[in-house]
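Position 43 (the sequence shown) corresponds to 43 in the UniProt record's numbering; numbering is contiguous. Yeah, the Cβ is synthetic: ideal placement off N, Cα and C, and Gly gets one too. These numbers were taken from a predicted model, which means no experiment stands behind them. Only one structure is covered here, and it is reproduced in the block below.
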Amino acid sequence: MEREITEEKLRRYFRITEEALRTLEIAVHQKSLLRSVADDFLTMAKSYFEDAKYYYEKGDYVTAFAALNYAHGFIDAGVRLGVFKGENDRLFAFG
């Protein structure tokens, strides 16, 4: 059982989340009722990802890890809701 957040673990999560943000696509049309949900989820994911980078640079690995998990949570929620396309099970939770 792991009991600490290592730099290696953080870097791995940064890579995964960054790739997920780069490859996801919005799956709803601009005029769809769910488009504002997609836009909000994407904004939140990007904001938490930027927060994670900020805290990582400050050496606060715990807060950086938490922010990364929030970022990826918004991504995965969007995929599960169907507002994002994400078909790579290494990057996205779907089903």
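- Glutamate 4 and leucine 10 have their C-alpha atoms spaced approximately 11 Å apart.
- Taking C-beta separations shorter than 7 Å and ignoring five residues to either side along the sequence, the partners of tyrosine 55 in its chain run Thr63, Ala64 and Ala67, following chain order.
- Distance from the Cα of alanine 71 is smallest, within the candidate group Val28, Glu7, Leu91 and Glu2, for Leu91.
- With contacts defined by Cβ atoms closer than 7 Å, valine 28 and valine 79 do not form a contacting pair.
- Nearest Cα to threonine 17 within the set Leu81, Asn69, Lys85 and Glu87: Asn69.
- Only residues of its own chain outside the window of five on either side were considered, and among them Val83 have a CB closer than 6 Å to the CB of valine 37, listed in chain order.
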